[in-house]
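Protein chains in written order, with my numbering: chain W, 1 to 318; chain B, 1001 to 1279; chain H, 2001 to 2436.
Shown next, in the form of structure tokens:
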């Protein structure tokens, strides 16, 4: 059974003009295309257009009159000698580290939990629901709760650490170097249930007889995971890892709610950084330019990822 | 096949640790919801020194919580169901057919996941306003506009994920159904969808939660009567005060129907194994 | 084949129709043929959004009786108000009348979205002489007509715990910074601190920095509107703030985490600290359970001796302004509403309810505004208050300088020694982000 993502392969060339039957796929795609155009693509292009304008508070109600800034906004954003450019680069580096950590931890926790709950046992349904609860809670409330828990003198985390004698003087979690790790932990707390959800569903499509066959070959549970589960989850994992990367990289709500609008320098996530440089300072042109740069970077990463994934898939098929 | 002892131990320990991690903040929320306001920002206690249920009572009047809850339920349910339906169609097309533009479609759809929301928030609002003035259908300040927006946000991932799940449903099932006389859509509805139920449920949950928790676009596209919970909860933060205990109480309360939904749906994450149906 | 196609079309059509059928939309007000309806975006001033609706409802009813104009009131939470104003400005689709934070006035003025209160427009609402000079000063760029009229006024004061002061043998609140630090040291012991500071929040930090800078004779913008952040006076002002935590040790290092806008006040209300610098807060303190007899308020201290060029400023002019959207279709109705809200009886009633200060001098004859606390704030507002810099880049200034101070507090709290040179560099980088 082929488990590769066949829809990543190029279509057959030289198709003749389409008979009626062949219009079906286009019809199937039509609603999605219309919605995407209206809500995503066209506003996006407008946003890109704004990045070439000097759109500040002076032109907000008459934005058609905003002066053409050419690549001026991009120059400011990329000028590594200026404060803005340096701050952007720093924010970018922090965000990459944050994303990779959150991604790997969330996936690991999700995978572990999915494997551990795959075989039936009493209370499994309850356990699954418990794991999805962080996913169900309103973001604002749950992340604010983490803020309360991470307060240095009154928070639950330090109370527990002190009670367990793991530390003598309670550390700061919301400011200073630890703030980066606090953010990672809170983000993982919010993200891993989603990985768990997707992987659990993915595990269901793996037929039981494959596990039996592997067991007969002498594979223990870990061996089965390595030789049956992971290879067959590859199509799901490919999508999951990519979207986890994209969403975490673009995540605004978690850092904003945890730290407020002025995050510590060690946890200066790029989406907040751009927000502070556009909405809050009325400098939409620069903010849009930074967003476009962000978009280009993500396109690059995705392109590389897909190329790597496709070649490794092709190897396996051969 | 019974589980070896070490695995059972690993399971108990692993799941317990993960459970503590997941539920720790929930416990803090619960105790905060039962404390008088000044104590919430005070030193954390495992049990509140003074138990009070007034936050659970006051929370309904501080903001129109009932109205916001209904708005969120309507918007999230409609958006997620609609999104899954549209995505299923598109995913079926992508999974089962090779056609010109297929690659372009999947890549473009994926690239929309990279758009930072901030970048297209204002242009989207302007488009909605202009559409509203041109067609008379109010898209801003209405639930429709929010539903359409959220549908579109969740489409890319839904299409990709559903296509991946559908790919794991063997084509033999389609062919078997076609042999029985149904066209491609019939095969789709009668055979393929039931086999992909776990994936559909997972994507449905994801789409619902995305709509449920989205704040940025909701803050601009709703007004007082259409506001959703994600934005409305901020109303507990008033000019002079933030009613933390009511925020916690409200959050826990509105999560109960959602968690109940999860409890019901998680059964379907296991349904319908495809193996064995083609023999 | 045909059946398949029909099935598909049916799918698509159902999907298109479903959202439209699923729910009702609500419109934002516009004019109808018979009656004019204004849309008014009120900011949250009371104890809750519902509370604001209940406070405003009788006043609005009175207005409708007097003029026949209906008003659709939407109470907007502060977290989304500026975003919604921005969206309305860009799209041209917004309310007729709205509240704005008065420090937003210069920035919003420049967007051109609001009606300017030129003398002719002002005369339609009763003229500018009615307003307190202090309140009127924070309504737009200096030298330009107001972009909004003052509705509610607020000022900062030094709140102190009378009971704790008495217990420590301090007979009166500090009048100079030296006295404040001395009192703070007397009051600081294990688990208890002298002064609470909302060190993680932009507005609180930048307001205090502004006030202290004025006292030092400094200024964040020069006369032409160019930023001048890293002057010695500004550095001294920020230095003073950091030193409360670092050198004087009367502020809990944990205050550097206080980012939600409530923690410092709660610490004061629960007795954990003895002093806090805050806007008029008696309502909140009561809600937080503080004994009214313990609440004392005095003007923020001044340096002694006064530095050369230093001004007698103890507060920035805080408050809410009322603006009219330029794209409104009901300009005369909107102005009637503005006139109504700034009329003396409304000013007396609303400000008494909200615990803020009227912006028209005539309202002060009302006995409700003669309590000691209100008198203190009124005198602060009229004699020792200055508006935040009235330049279009005011919001940028608040964000960049406020954030810089937050980071400096974080450094001090986590053990790094913050020197004046570091402060100067931080302010200088903030200034560069303004393109200056």
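All residues carry an ideal CB built from backbone N, CA and C; glycine is no exception.
Handout entry: Sub-8 Å separation of residue 2187 of chain H and residue 2163 of chain H beta-carbons
Key = No Cβ-Cβ contact shorter than 8 Å links residue 2187 of chain H with residue 2163 of chain H.
Handout entry: Residues of the stretch 2313-2329 of chain H whose Cβ lies closer than 8 Å to any Cβ of chain B, in chain order
Key = Near chain B, meaning a CB-to-CB distance below 8 Å, no residue of the stretch 2313-2329 of chain H qualifies.
Exercise for the section: Mind listing the chain B neighbours of residue 125 of chain W? Cutoff is C-beta to C-beta under 8 Å, in chain order. Expected result: Here the neighbours are 1263, 1266, 1267.
Problem - 8 Å Cβ cutoff, residue 377 of chain W in contact with chain B - result: Nothing can be reported for residue 377 of chain W, as the shown portion of chain W is limited to 1 through 318.
Handout entry: Touching by the beta-carbon criterion (3+ pairs, under 8 Å), the stretch 249-261 of chain W and the stretch 138-158 of chain W
Key = In short, these stretches touch, since the Cβ pair count reaches three.
Practice task
Evaluate residue 1013 of chain B with the Cβ neighbour count: other Cβ atoms within 10 Å of its Cβ, from every protein chain shown; 16 or more gives buried, anything less gives exposed.
Solution key: A residue is called buried when at least 16 other Cβ atoms come within 10 angstroms of its Cβ; residue 1013 of chain B does not meet this threshold and is exposed.
Exercise for the section: May I ask you to report which of helix, strand or coil DSSP gives residue 2357 of chain H? Expected result: Look at residue 2357 of chain H here: in three-state DSSP terms it is strand.
Problem - Pairwise C-alpha distance: residue 2174 of chain H and residue 2424 of chain H - result: Residue 2424 of chain H and residue 2174 of chain H have their C-alpha atoms some 29 Å from each other.
Exercise for the section: Starting from residue 72 of chain W, follow its DSSP beta bridges and name the residues at the other end. Expected result: DSSP lists no partner for residue 72 of chain W.
Problem - Secondary structure, alpha helix (DSSP H): runs of 4+ residues fully inside the stretch 113-193 of chain W - result: The DSSP assignment places 124-136, 139-149, 156-163 as complete runs of the alpha helix (DSSP H) inside the stretch 113-193 of chain W, in order along the chain (cut-off: 4 residues).
Handout entry: Straight-line gap, residue 2446 of chain H to residue 2357 of chain H (C-alpha atoms, nearest Å)
Key = Because chain H in this structure spans residues 2001 to 2436, residue 2446 of chain H falls outside the shown range and cannot be described.
Practice task
For residue 276 of chain W, go through chain H and note every residue whose CB falls closer than 8 Å to its CB, in chain order.
Solution key: Chain H residues near residue 276 of chain W: 2399, 2403.
Handout entry: Neighbour-count burial assignment, residue 2190 of chain H, 16 or more Cβ in a 10 Å radius
Key = By the neighbour-count criterion, in which 16 or more other beta carbons inside 10 Å mark a residue as buried, residue 2190 of chain H falls on the exposed side.
Problem - Cutoff 8 Å: residue 2433 of chain H Cβ touching any chain W Cβ - result: It does: the Cβ of residue 2433 of chain H has a partner Cβ on chain W nearer than 8 Å.
Exercise for the section: Determine which residues share a DSSP beta bridge with residue 2074 of chain H and list them. Expected result: Its beta-bridge partners are H:2041.
Exercise for the section: Determine, using beta-carbon pairs with one atom in the stretch 38-54 of chain W and one in the stretch 279-292 of chain W, whether at least three such pairs fall under 8 Å. Expected result: Taking a cut-off of 8 Å on C-beta distances, the stretch 38-54 of chain W touches the stretch 279-292 of chain W, as three or more cross pairs fall below it.
Problem - Segment contact flag, the stretch 1004-1019 of chain B with the stretch 83-101 of chain W, C-beta cutoff 8 Å, min 3 pairs - result: Inter-segment contact for the stretch 1004-1019 of chain B and the stretch 83-101 of chain W is absent: fewer than three beta-carbon pairs are separated by less than 8 Å.
Exercise for the section: Measure the CB-CB distance between residue 2176 of chain H and residue 2301 of chain H and report whether it falls below 8 Å. Expected result: In contact: residue 2176 of chain H and residue 2301 of chain H (Cβ atoms closer than 8 Å).
Exercise for the section: Give the single residue among H:2096, H:2044, H:2159 whose Cα lies nearest to the Cα of residue 2337 of chain H. Expected result: Answer by Cα proximity: H:2096.
Exercise for the section: State yes or no: is the beta carbon of residue 980 of chain B nearer than 8 Å to at least one beta carbon in chain H? Expected result: The question about residue 980 of chain B has no answer, for chain B in this structure spans 1001 to 1279.
Practice task
Leaving out five residues on either side along the sequence, give the residues of the same chain with a beta carbon under 8 Å from the beta carbon of residue 214 of chain W.
Solution key: The beta carbon of residue 214 of chain W lies closer than 8 Å to those of 223, 224, 227, 228 in the same chain, with the five residues before and after it left out.
Exercise for the section: Indicate whether at least one CB of chain W lies closer than 8 Å to the CB of residue 2424 of chain H. Expected result: For residue 2424 of chain H, the closest Cβ of chain W is not nearer than 8 Å.
Handout entry: Whole runs of the alpha helix (DSSP H) within the stretch 2130-2181 of chain H, excluding any shorter than 4 residues
Key = For the stretch 2130-2181 of chain H, the full-length alpha helix (DSSP H) segments reaching 4 residues or more read 2133-2136, 2162-2167 along the chain.
Exercise for the section: Could you tell me which of W:164, W:157, W:136, W:189 sits nearest to residue 174 of chain W, measuring between CA atoms? Expected result: Distances from the CA of residue 174 of chain W to each of W:164, W:157, W:136, W:189 were compared; the closest alpha carbon is that of W:157.
Problem - In DSSP terms, what residue 2320 of chain H is bridged to - result: Secondary-structure assignment with DSSP links residue 2320 of chain H through a beta bridge to H:2101, H:2152.
Practice task
Could you tell me the distance, in whole angstroms, from the CA atom of residue 2388 of chain H to the CA atom of residue 306 of chain W?
Solution key: Near 52 Å, if we compare the C-alpha coordinates of residue 306 of chain W and residue 2388 of chain H.
Problem - Paired residues, beta bridge with residue 2221 of chain H - DSSP - result: H:2227, per the DSSP bridge assignment.
Practice task
Output the distance between the C-alpha atoms of residue 2100 of chain H and residue 2151 of chain H, rounded to the nearest integer angstrom.
Solution key: When rounded, the distance between both Cα atoms is 10 Å.
Practice task
Identify the contact partners of residue 2201 of chain H in chain W, using a Cβ-Cβ distance below 7 Å as the criterion.
Solution key: Correct list: 260.
Practice task
Measure the C-alpha to C-alpha separation of residue 236 of chain W and residue 99 of chain W and round it to an integer number of angstroms.
Solution key: C-alpha separation (whole angstroms): 19 Å.
Exercise for the section: Output the residue ranges of the alpha helix (DSSP H) runs that lie fully inside the stretch 35-64 of chain W and measure 4 residues or longer, sorted by chain position. Expected result: List check, alpha helix (DSSP H) in window: 42-50.
Exercise for the section: If I'm right that residue 116 of chain W touches residue 1085 of chain B with Cβ under 8 Å, what's the distance once you round it to whole angstroms? Expected result: That pair is no contact at about 33 Å.
Exercise for the section: Could you tell me whether the Cβ atoms of residue 1211 of chain B and residue 1140 of chain B are closer together than 8 Å? Expected result: No, these two residues do not count as a Cβ contact at 8 Å.
Exercise for the section: Please classify residue 2123 of chain H: is it buried, with 16 or more other beta-carbons within 10 angstroms of its beta-carbon, or exposed? Expected result: Residue environment analysis places residue 2123 of chain H among the exposed positions, since fewer than 16 neighbouring C-beta atoms fall within 10 angstroms of its C-beta.
Practice task
Give the straight-line distance between the Cα atoms of residue 1277 of chain B and residue 1041 of chain B, rounded to the nearest whole angstrom.
Solution key: Only weak support exists for where residue 1277 of chain B lies, its pLDDT of 30 falling under 50; the value from the coordinates is given anyway. The straight-line gap from Cα to Cα measures roughly 58 Å.
Problem - Own chain residues within Cβ distance below 7 Å of residue 2418 of chain H, not counting five before or after - result: Counting only Cβ-Cβ distances below 7 Å, and skipping sequence neighbours, we find 2242, 2246, 2408, 2411, 2412.
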